[in-house]
Amino acid sequence: MAGIARATSLIVTPITPHRAVIVLPLVFPHRSFRVSGARIRCSAAGNKSPPPEFSSTAKIRSEVLSPFRSVRMFFYLAFIASGSLGGLIAITRLISALSNPVRAADVPEILKGIGIDFGAVSIFAFLYSRDRSAKNAQLARLTREETLSNLKLRVDEKRTIPVSAFRGIARLVILAGPASFISESYERSVPFTDDLLERGVLVVPFAMDGNSLNLESKETEEDNTDVGKKKRLWQLSPVYTSEWAEWIDEQKQMANISKDSPVYLSLRMDGRVRGSGVGYPPWNAFIKQLPPVKGIWSGLLDGMDGRV
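In case it helps, our numbering puts the sequence shown at residues 108 to 415.
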């Protein structure tokens with residue numbers, strides 16, 4: 108320690124009569140040492156923190172969506188333990204039979220039992236691993252949906268609400284890409300404005316290139332679409348765009364999509380993700396697949412919005 112003190116500027120800051128913090132910025136620019144009694148503890152700033160745990164809300168939703176998965180996984184573990192125990196007992200019998208010529212005739216039967224035990228262990232271990240992977244994938248998806256539900260949207264100059272506030276009210280379609288992609292998507296949606304609004308669709312345009320949006324269609328005298336309905340369909344805008352960009356980039360990375368690719372993502376009436384894709388959203392497909400929000404089917408098909 109004395110050698111280090113001579114080579115660099117040594118700063119000692121007392122904490123208590125028996126403790127001190129020694130900072131060596133020149134020798135170890137990314138490390139700090141804490142002296143406590145006779146122990147020296149070192150921590151590196153470059154160490155990665157452990158991955159975050161899944162939220163309790165995501166776990167509860169996972170149990171609701173797959174109520175029997177935990178029961179299956181419990182029985183899989185019980186069968187694995189039973190098969191492993193039976194296999195270990197059979198191995199001891201095999202060793203005893205091999206060492207005793209009188210019991211040599213039992214060896215084929217014992218080997219058959221060992222094969223059955225470890226075959227069963229392999230099958231149940233595979234089933235358990237498959238259910239566990241499905242559970243983790245579902246929890247990750249539900250966690251991403253929960254993060255999305257907490258992102259903020261601006262309805263007008265006075266109102267800012269989270270995405271979760273639209274559950275049971277609207278089916279959001281999120282567009283993320285350059286401003287030119289958003290403008291072209293707007294032009295393509297104009298003929299379907301009335302039908303989209305009847306199905307509770309609201310668009311969230313997010314220009315990721317930072318350019319301003321000009322959502323004005325090429326009006327003609329024959330255009331019968333109400334301008335107010337267009338603005339209503341496209342009235343939402345993201346707030347805290349850095350959080351939106353981070354969430355969208357994470358989705359692209361998980362889907363192995365280039366960060367520069369324009370994408371769309373549609374939500375169900377209950378807030379779950381129903382589909383996504385690269386390129387322009389299929390407005391005509393939404394109209395064919397989504398039921399109207401009013402009438403005999405209102406509320407009945409909120410969570411059954413079909414596929415893209």
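A virtual CB, placed ideally from N, CA and C, is assigned to each residue, including glycine.
### Message
Across the stretch 275 to 283 and the stretch 302 to 311, are there enough close Cβ pairs to call them in contact, namely three or more that are closer than 8 Å?
### Response
yes
If we ignore side chains and look at the alpha-carbon of each, how far apart do Arg200 and Ala227 end up? One-based indexing of the sequence shown puts residue 200 at position 93. One-based indexing of the sequence shown puts residue 227 at position 120. Their Cα atoms are separated by approximately 19 Å.
Requested in this report: Rounded to whole angstroms, what's the CA-CA distance from Lys265 to Ser169? Just pull it up for me.
Outcome: As a position in the sequence shown, residue 265 is number 158, starting the count at 1. As a position in the sequence shown, residue 169 is number 62, starting the count at 1. Cα-Cα distance, rounded: 36 Å.
With Gly193 as the anchor, note down where its alpha helix (DSSP H) starts and where it stops. Your numbering for residue 193 matches position 86 in the sequence shown. Segment Arg176 to Ser206, the alpha helix (DSSP H) holding Gly193.
Might you give, ordered along the chain, the residues of its own chain that have their beta carbon closer than 8 Å to the beta carbon of Ile221, omitting 5 neighbours on each side?
On the sequence shown, residue 221 is found 114 positions in, with the first residue counted as 1. Once the five neighbours on either side are set aside, the close Cβ partners of Ile221 are Gly194, Ala197, Ile198 and Leu201.
Quiz item: Tyr371 bridges to which residues according to DSSP?
Solution: The residue given as residue 371 occupies position 264 in the sequence shown. For Tyr371, which the question treats as bridged, DSSP gives the partners Leu282 and Gly384.
How is the alpha helix (DSSP H) around Val214 delimited, first residue to last? The residue given as residue 214 occupies position 107 in the sequence shown. First-last of the alpha helix (DSSP H) with Val214: Val214 to Ser256.
Counting C-beta neighbours from all protein chains within 10 Å, is the total for Thr300 16 or more, i.e. buried, or is it exposed?
Stepping through the sequence shown from its first residue, residue 300 is reached at position 193. Thr300 comes out buried.
Notebook entry, point to check: Looking at C-beta atoms only, is the number of pairs between the stretch 177 to 185 and the stretch 205 to 219 that lie closer than 8 Å three or more?
Noted result: no
Just the Cα atoms here: how many angstroms apart are Ile355 and Ile230?
What you label residue 355 is simply residue 248 of the sequence shown in a count that begins at 1. What you label residue 230 is simply residue 123 of the sequence shown in a count that begins at 1. So the alpha carbons of these two residues sit roughly 38 Å apart.
**Message:** I want to know whether the stretch 362 to 373 touches the stretch 383 to 403 - three or more CB-CB distances under 8 Å.
**Reply:** yes
What are the boundary residues of the alpha helix (DSSP H) that Ile355 is part of?
Looking up residue 355 in the sequence shown gives position 248. First-last of the alpha helix (DSSP H) with Ile355: Thr348 to Met361.
Original post:
Sorted by chain position, which residues of the same chain lie with C-beta nearer than 6 Å to Phe288's C-beta, five sequence neighbours on each side aside?
Top reply: The residue you call residue 288 lines up with position 181 of the sequence shown. Closer than 6 Å at the Cβ level, and outside the excluded window around Phe288, lie Pro369.
query: Using DSSP with H/G/I as helix, E/B as strand and the rest coil, what is Arg168?
result: Working through the sequence shown from its first residue, we reach residue 168 at position 61. DSSP places Arg168 in helix when its eight states are reduced to three.
Quiz item: Which same chain residues, not among the five before or five after Asp213, have their C-beta less than 8 Å away from its C-beta?
Solution: Taking the sequence shown and counting its residues from 1, the one referred to as residue 213 is at position 106. Contacts found: Arg200 and Ala204.
Where does Ile289 sit, in a helix, a strand or coil, going by DSSP? Translated into the one-based positions of the sequence shown, residue 289 becomes position 182. Helix, per DSSP.
Margin query: Is Arg237 close to the ligand NAP? I mean its beta-carbon at under 6 Å from any heavy atom of the ligand.
Written below: Here there are no bound small molecules, and the ligand NAP is not part of this structure.
#### Entry: Chain-order list of residues whose beta-carbon lies under 7 Å from that of Ala88 (same chain, five-residue window excluded)
Outside the shown range of the chain, which is 108 to 415, sits residue 88, and nothing can be said about it.
Quiz item: Tell me, which residues are paired with Ser173 by DSSP?
Solution: As a first step, residue 173 must be located in the sequence shown, where it is residue number 66. Answer is none; Ser173 lacks a bridge partner.
query: Which class does Lys259 belong to by DSSP, given the choice of helix, strand or coil?
result: In the sequence shown, the residue the question calls residue 259 occupies position 152. Here Lys259 sits in strand by DSSP.
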